Structures are given as C-alpha cells and as structure tokens.
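**Q** Before anything else, here's the structure in question.
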Amino acid sequence: MSPAPYGADVGGLSGTGTGRYEAVETAAESTATEVDDVADRSVDRAHAKELFRRFTQGRDPALREELVGLHLPLVEYLARRFRNRGEPLEDLVQVGTIGLLKAIDRFDLDRAVEFSTYATPTIVGELKRHFRDKGWAVRVPRRLQELNLSLNKVVAELSQEVGRSPTIGEIAAKAGMSEEEVLEGLDTSNAYQVVSLDAPVAGDDAPSVSEHIGAEDEGLETLEYRAALGPLIAELPERERRILYLRFFRGMTQSQIAGRLGISQMHVSRLLNRTLGVLRQGLLEDGPA
Amino acid sequence: MSNPVVRIEIPASGEYLAVLRAAATGLAASLHFTYEQIDDLRIAVDEACAQLLARHGGADSLRVAYLIAGSRLQVEVTVTGDGLSAPRPLPKDTFSWQILKALTDDIDERVDGLGVHLAFSKHGGPR
Numbered sequence: 050m051s052p053a054p055y056g057a058d059v060g061g062l063s064g065t066g067t068g069r070y071e072a073v074e075t076a077a078e079s080t081a082t083e084v085d086d087v088a089d090r091s092v093d094r095a096h097a098k099e100l101f102r103r104f105t106q107g108r109d110p111a112l113r114e115e116l117v118g119l120h121l122p123l124v125e126y127l128a129r130r131f132r133n134r135g136e137p138l139e140d141l142v143q144v145g146t147i148g149l150l151k152a153i154d155r156f157d158l159d160r161a162v163e164f165s166t167y168a169t170p171t172i173v174g175e176l177k178r179h180f181r182d183k184g185w186a187v188r189v190p191r192r193l194q195e196l197n198l199s200l201n202k203v204v205a206e207l208s209q210e211v212g213r214s215p216t217i218g219e220i221a222a223k224a225g226m227s228e229e230e231v232l233e234g235l236d237t238s239n240a241y242q243v244v245s246l247d248a249p250v251a252g253d254d255a256p257s258v259s260e261h262i263g264a265e266d267e268g269l270e271t272l273e274y275r276a277a278l279g280p281l282i283a284e285l286p287e288r289e290r291r292i293l294y295l296r297f298f299r300g301m302t303q304s305q306i307a308g309r310l311g312i313s314q315m316h317v318s319r320l321l322n323r324t325l326g327v328l329r330q331g332l333l334e335d336g337p338a
Numbered sequence: 261m262s263n264p265v266v267r268i269e270i271p272a273s274g275e276y277l278a279v280l281r282a283a284a285t286g287l288a289a290s291l292h293f294t295y296e297q298i299d300d301l302r303i304a305v306d307e308a309c310a311q312l313l314a315r316h317g318g319a320d321s322l323r324v325a326y327l328i329a330g331s332r333l334q335v336e337v338t339v340t341g342d343g344l345s346a347p348r349p350l351p352k353d354t355f356s357w358q359i360l361k362a363l364t365d366d367i368d369e370r371v372d373g374l375g376v377h378l379a380f381s382k383h384g385g386p387r
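As you go down the protein sequences, you meet chains X and R in turn.
Using my numbering, you'd call the opening residue of the first sequence number 50 and step up by one each time.
Using my numbering, you'd call the opening residue of the second sequence number 261 and step up by one each time.
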C-alpha cells in the first residue's frame, strides 16, 4: 500500500459521491483547517517529535503505543465528524485508530510537516473506507437512510418508554412524521446490510455471543429439511443461528431476544430477515423440491 | 357488514414479494399492530409465499387475500397455474412450518380445484 499523499488536502476530497458517500465527504470537509487547532490544543508537539525520533530508531512498540495515546484526540475529533451516520462513535474511533497506526508507522520525521497534518488524510481515508465497506446493500436514497436512522432511535426510545414494541401511530407521533413516512422508513430498514453473512461481525454494538448453542441446535436438526437446510444453517454465524432458534423454537419475541443478546430490537429484525433471506435463496437455488 | 378484503395477484416470482409485504405492512399498521407484530407478519408473508413457490413448479401466479376481522388480519396465499405440479402439502416437521407457527396465531393449508391455499391469521395491537 502506498503512503497517503504528503500533506493531502482533506477538504478537497474529489469525486461526486452520491447518497451516503456524499454525506461522508461533507463530513470530512473543513477538517483540514481545524485539525491543527485540535492538534495544538491536545498534543505537545515537541514531545511528539521527540517520541517519533526515538520510535523511528528502534520501532519500540511501547513508544508506538504512547504515540497512539498522544494523538487519540485527533482521531476522536475526526471520528466525530462522521457520527450520526448510524455507527457508534466508539466504533468510528476504533476504525480511525487503525488509520492513526498506519500513519505513525509511515511517518518520516525528515519531512517538514506536522504529524497531525500528515495523519489526517490517512485517518479520514480509513473512516471513509469503513463506510464504503459497511454500506447499504441496496442503493437507498439518502433521505430514506436518514429517515431510517432516526426511526431506529425513536423505536428504541419508545420501546423503553412503553415497555413493548410501539405501534406505527406511536412512532409517527413521537417522530413528528406521518404514518406513511414511518412505513416508508421501516420498509427501508431491511435494505440496510452491514456486511456479507460470511464475514464475522466486526465493529458491532453487540457483545460477542459466547454461549454455545450446542443443545439448542436440536430443534433445528430434527427438521425434515435438515438435508437441504443443515449445511446452510451450519454456515451461519453463531449469533444468527441463535436468533433463529430463540425466535422460532423458543417463541421469544424480537425484543426479548434483543434484551438477551444486548442489541436493539431493530438489529434483531435485520439479522432475522437477512438470515431467512439467505436460507431461502439457498433452498431456491436448488429449484422446486 | 362483511369483513373488508384486499386482494392482490402477482406473477409467481420472488421479485414481486415486496408488493405483498408492503400491502401487509400498510394494513397491519391501520389495525394498530406494533412494529414487531408487523415485522412478524412480513416474515410470515415472505415465508408462506417463498415455500409455496419452492414446492410448486409451473406456477403462474400468487394470489393473496387479506381479510380484516377486527384487530385480526387473516392472510390467504394461493398458488395457481395451468401446469401446476401435483399439490404437495407443507409437512409439519419443516422449518417453514415452524417459522409460520411461531409468527402467526394459526395456520391452515388446503387444496382445491383452484390450487394450493395456505392461510394464517395474526392478531395485533398493543398488549
């Protein structure tokens, strides 16, 4: 991989991205001018230079870690420019930190440029890549993406308030929208695909599901369809299999499953819909039985 | 007064299932189903249609009737076609049956001269 262009102008990110990308580009704009302020406030530049000097000599991991800690405010600052795009800020900071690490490893002290100026395009690049990789499966207009994200929030809050899943009317009232708009937004919700089903779930807001489902597989295995379905189900990530089991064999509601797995009900809904879609596609590919 | 019925017929292809889902969503919302109940209903409609199509070659169309009975929505999906393969009832020990059973209040399947009918109903509203 080639190093980020030296002193690249972050504000000048070219391209005429549409939809979500456009939003990302806008978010990244005007960062260049403000980055130095952030850096000035949070980083002792002389100290950073000294650390870099020592780091380039021995590549000491401890020094690297210190450099990361020193520049974390820059990452946090840049990550905040991308929040409200449906990703938890902590995840964005994590992604940005990967960019920071790359920048630290490539930084050349002999170049007459501040590290923060050098690192910013790398960090922003990493964040943008993150959004590109975790994009919407179907091209969804930005208006609908934003509608869906705000509905996510409203549904979560209302569920807390009323202690059950809210009705469309309740959601509409709380969100200050028409019921039509709410329905449109909810229709969009399952077009949002985080990653391919094969990929491990990373950067997710859920705690990892460490419990094994061994015994719980029984329900799934007693089915006649196991010959066709078995391999498909076996390929599912553990969490998806668990959701299938809890919903269809234990009769737990999406909210109950959400509580148990520590994710939102709408997230359970998305995983459930996506998983069933994958299973159906797998079965239909074999043609009518 | 008889119960209102909304009927939709789509070509026997998965491409048009979104239309059926959208109709189910709109009707359920008007019956004050909760968000979760609507999602359950959508999945049930998908599953009923997908497995009817999967089990019957030579299908021309899927007909869906949504019958509104108070706060209950009854859904009947019928697969039809001149060259429809022999009716194959959905076995009770399949994953599909399990899904439908978990998501709906009752399911019933029957066969007649028109084709194979799969019916289920779901009661909704905040509880």
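All C-beta atoms, glycine included, are put in the ideal place defined by N, C-alpha and C.
Values in this document were obtained by computation on a predicted structure and should not be read as measured data.
Taking the alpha carbon of alanine 361 of chain R as the reference point, which residue from R:Ala314, R:Leu301 and R:Arg315 has its own alpha carbon closest?
**A** What you label residue 361 of chain R is simply residue 101 of the second sequence in a count that begins at 1. First, the residue type needs correcting, since residue 361 of chain R is lysine and not alanine in the sequence shown. Distance from the Cα of lysine 361 of chain R is smallest, within the candidate group R:Ala314, R:Leu301 and R:Arg315, for R:Leu301.
**Q** Under 8 Å Cβ to Cβ from leucine 207 of chain X, same chain only, skipping five residues before and after it: list those, please.
**A** Here the question's residue 207 of chain X lines up with position 158 in the first sequence. So the qualifying residues of the chain are Pro215, Glu219, Ile220 and Lys223.
**Q** Does valine 204 of chain X have its Cβ less than 8 Å from a Cβ in chain R?
**A** By 1-based counting over the first sequence, the position of residue 204 of chain X is 155. Closer than 8 Å: yes.
**Q** Reducing DSSP to helix, strand and coil, say where lysine 223 of chain X ends up.
**A** In the first sequence, counting from the first residue as 1, residue 223 of chain X sits at position 174. It is helical.
**Q** Mind checking alanine 278 of chain R: buried by the 16 CB within 10 Å criterion, or exposed?
**A** Position 18 of the second sequence, counted from the start, is the residue given in the question as residue 278 of chain R. So alanine 278 of chain R counts as exposed.
**Q** Can you tell me whether isoleucine 270 of chain R is helix, strand or coil according to DSSP?
**A** Sequence index remark: in the second sequence, residue 270 of chain R carries index 10 (1-based). If DSSP states are grouped into helix, strand and coil, isoleucine 270 of chain R belongs with the strands.
**Q** Counting only the same chain and skipping the five closest in sequence on each side, list residues whose C-beta sits under 6 Å from that of alanine 325 of chain R.
**A** Along the second sequence, one-based indexing puts residue 325 of chain R at 65. For alanine 325 of chain R, where only same-chain residues beyond five positions count, the Cβ hits under 6 Å are Val265, Arg267 and Glu336.
**Q** Which residue wins for smallest C-alpha separation from arginine 102 of chain X, given the options X:Thr146, X:Ile153, X:Gly118 and X:Leu121?
**A** The residue labelled residue 102 of chain X in the question sits at position 53 within the first sequence. Selected option, being the one with the closest Cα: X:Ile153.
**Q** Is there a C-beta anywhere in chain X that falls below 8 Å from the one on glutamine 297 of chain R?
**A** In the second sequence, counting from the first residue as 1, residue 297 of chain R sits at position 37. Answer yes: the Cβ-Cβ gap between glutamine 297 of chain R and chain X drops below 8 Å somewhere.
**Q** I'd like to know whether the C-beta atoms of leucine 100 of chain X and leucine 112 of chain X end up nearer to each other than 8 Å.
**A** Within the first sequence, residue 100 of chain X is the residue found at index 51, counting from 1. Within the first sequence, residue 112 of chain X is the residue found at index 63, counting from 1. Yes, they are a contact pair.
**Q** Please report how far the alpha carbon of isoleucine 292 of chain X lies from the alpha carbon of phenylalanine 104 of chain X, in whole angstroms.
**A** Here the question's residue 292 of chain X lines up with position 243 in the first sequence. Here the question's residue 104 of chain X lines up with position 55 in the first sequence. Spanning the two alpha carbons is a distance of roughly 47 Å.
**Q** What is the DSSP secondary structure of proline 170 of chain X, counted as helix, strand or coil?
**A** Looking up residue 170 of chain X in the first sequence gives position 121. If DSSP states are grouped into helix, strand and coil, proline 170 of chain X belongs with the helices.
**Q** Give every residue of the same chain whose Cβ lies closer than 8 Å to the Cβ of arginine 281 of chain R, excluding the five residues on either side of it in the sequence, and list them in chain order.
**A** Residue numbering aside, residue 281 of chain R sits at position 21 when the second sequence is read from its first letter. If we look at arginine 281 of chain R and ignore the five residues flanking it on each side, its Cβ neighbours are Arg302, Val305 and Asp306.
**Q** Determine the burial state of aspartate 109 of chain X: buried for a count of at least 16 other Cβ atoms within 10 Å of its Cβ, exposed for fewer.
**A** For the purposes of this step, residue 109 of chain X is taken as residue 60 along the first sequence, with counting starting at 1. Answer is exposed; the Cβ neighbour count stays below 16.
**Q** State the Cα-Cα distance for the pair histidine 377 of chain R and alanine 289 of chain R, rounded to the nearest angstrom.
**A** Taking the second sequence and counting its residues from 1, the one referred to as residue 377 of chain R is at position 117. Taking the second sequence and counting its residues from 1, the one referred to as residue 289 of chain R is at position 29. Taking the straight line from one Cα to the other gives about 25 Å.
**Q** Decide if the stretch 121 to 131 of chain X is in contact with the stretch 169 to 177 of chain X; the criterion is three or more beta carbon pairs, one per stretch, under 8 Å apart.
**A** Flag = yes, the stretch 121 to 131 of chain X and the stretch 169 to 177 of chain X touch.
**Q** Using three-state DSSP, classify threonine 340 of chain R as helix, strand or coil.
**A** Counting from one through the second sequence, the residue named residue 340 of chain R turns up at place 80. Reduced to three states, the DSSP call for threonine 340 of chain R is strand.
**Q** Out of R:Thr285, R:Asp365 and R:Arg332, state which residue places its alpha-carbon closest to the alpha-carbon of glutamate 228 of chain X.
**A** Counted from its first residue, the first sequence places residue 228 of chain X at position 179. Per the Cα distances, R:Thr285.
**Q** Could you confirm whether any beta carbon from chain X is found closer than 8 Å to the beta carbon of phenylalanine 380 of chain R?
**A** In the second sequence, counting from the first residue as 1, residue 380 of chain R sits at position 120. At least 8 Å separates the CB of phenylalanine 380 of chain R from every CB of chain X.
**Q** Can you name, in chain order, every residue of its own chain whose Cβ lies under 7 Å from the Cβ of isoleucine 413 of chain X, other than the five neighbours on each side?
**A** In the structure as shown, chain X starts at 50 and stops at 338, and residue 413 of chain X therefore has no counterpart that could be examined.
**Q** Under 8 Å, do threonine 294 of chain R and serine 321 of chain R count as touching if we go by C-beta distance?
**A** As a working mapping, residue 294 of chain R is identified with position 34 in the second sequence. As a working mapping, residue 321 of chain R is identified with position 61 in the second sequence. No, Cβ-Cβ distance for threonine 294 of chain R and serine 321 of chain R is not below 8 Å.
**Q** Just the chain R side, please: which residues come within less than 9 Å of glutamine 143 of chain X by C-beta, in chain order?
**A** Numbered from its first residue, the first sequence carries residue 143 of chain X at position 94. Ordered by position in chain R, no residue passes the 9 Å Cβ test against glutamine 143 of chain X, which lies about 30 Å from the chain.
**Q** Leaving out five residues on either side along the sequence, give the residues of the same chain with a beta carbon under 6 Å from the beta carbon of arginine 332 of chain R.
**A** In the second sequence, the residue the question calls residue 332 of chain R occupies position 72. The residues are Ser381 and His383.
**Q** Just how far apart, CA to CA, sit leucine 320 of chain X and glycine 145 of chain X?
**A** Locating residue 320 of chain X in the first sequence gives position 271, where the first residue counts as 1. Locating residue 145 of chain X in the first sequence gives position 96, where the first residue counts as 1. Whole-angstrom Cα-Cα distance: 26 Å.
**Q** Counting contacts by CB-CB distance shorter than 8 Å, is isoleucine 303 of chain R in contact with chain X?
**A** On the second sequence, residue 303 of chain R is found 43 positions in, with the first residue counted as 1. It does; some Cβ of chain X falls within 8 Å.
**Q** Determine whether the Cβ of aspartate 109 of chain X lies closer than 8 Å to any Cβ atom of chain R.
**A** Here residue 109 of chain X refers to the residue found at position 60 when the first sequence is read from its first residue. Not flagged as an interface residue toward chain R: aspartate 109 of chain X, since no C-beta distance is shorter than 8 Å.
**Q** Can you confirm whether histidine 377 of chain R, when its beta carbon is compared against all beta carbons of chain X, has any partner nearer than 8 Å?
**A** Sequence index remark: in the second sequence, residue 377 of chain R carries index 117 (1-based). Not an interface residue.
**Q** Would you mind working out which of X:Leu328, X:Gln314, X:Val317 and X:Ile312 sits nearest glutamate 284 of chain X, comparing C-alpha positions?
**A** As a first step, residue 284 of chain X must be located in the first sequence, where it is residue number 235. Ranking X:Leu328, X:Gln314, X:Val317 and X:Ile312 by Cα distance to glutamate 284 of chain X puts X:Leu328 first.
**Q** Just to confirm my understanding: we take histidine 292 of chain R, look at its own chain, exclude 5 residues before and 5 after, and list those with CB closer than 8 Å. What are they?
**A** For this step, residue 292 of chain R is matched to residue 32 along the second sequence. Ser331, Gly384, Gly385 and Pro386.
**Q** Measure the Cβ-Cβ separation of methionine 315 of chain X and valine 211 of chain X and say whether it is below 8 Å.
**A** Locating residue 315 of chain X in the first sequence gives position 266, counting from the first residue. Locating residue 211 of chain X in the first sequence gives position 162, counting from the first residue. No. Outside cutoff.
**Q** Just the C-alpha distance for arginine 178 of chain X and arginine 160 of chain X, rounded to the nearest angstrom, thanks.
**A** One-based indexing of the first sequence puts residue 178 of chain X at position 129. One-based indexing of the first sequence puts residue 160 of chain X at position 111. If you take the alpha carbons of arginine 178 of chain X and arginine 160 of chain X, they lie about 26 Å apart.
**Q** Examine chain X for any beta-carbon lying closer than 8 Å to the beta-carbon of isoleucine 359 of chain R, and answer yes or no.
**A** Against the second sequence, residue 359 of chain R aligns to sequence position 99. Yes, isoleucine 359 of chain R lies at the interface with chain X (some Cβ there is under 8 Å from its Cβ).
**Q** Between the stretch 156 to 174 of chain X and chain R, which residues of the former have a C-beta closer than 7 Å to a C-beta of the latter?
**A** Residues are counted here when their Cβ sits less than 7 Å from a Cβ of chain R; for the stretch 156 to 174 of chain X the count is zero.
**Q** Is histidine 292 of chain R helix, strand or coil by DSSP?
**A** For the purposes of this step, residue 292 of chain R is taken as residue 32 along the second sequence, with counting starting at 1. Reduced to three states, the DSSP call for histidine 292 of chain R is coil.
**Q** Tell me whether the beta-carbon of arginine 323 of chain R lies closer than 8 Å to the beta-carbon of leucine 350 of chain R.
**A** Within the second sequence, the letter at position 63 stands for residue 323 of chain R. Within the second sequence, the letter at position 90 stands for residue 350 of chain R. No. Outside cutoff.
**Q** I'd like to know whether the C-beta atoms of arginine 94 of chain X and glutamate 163 of chain X end up nearer to each other than 8 Å.
**A** The sequence position of residue 94 of chain X within the first sequence is 45, counting from 1. The sequence position of residue 163 of chain X within the first sequence is 114, counting from 1. The answer is yes: Cβ separation under 8 Å.
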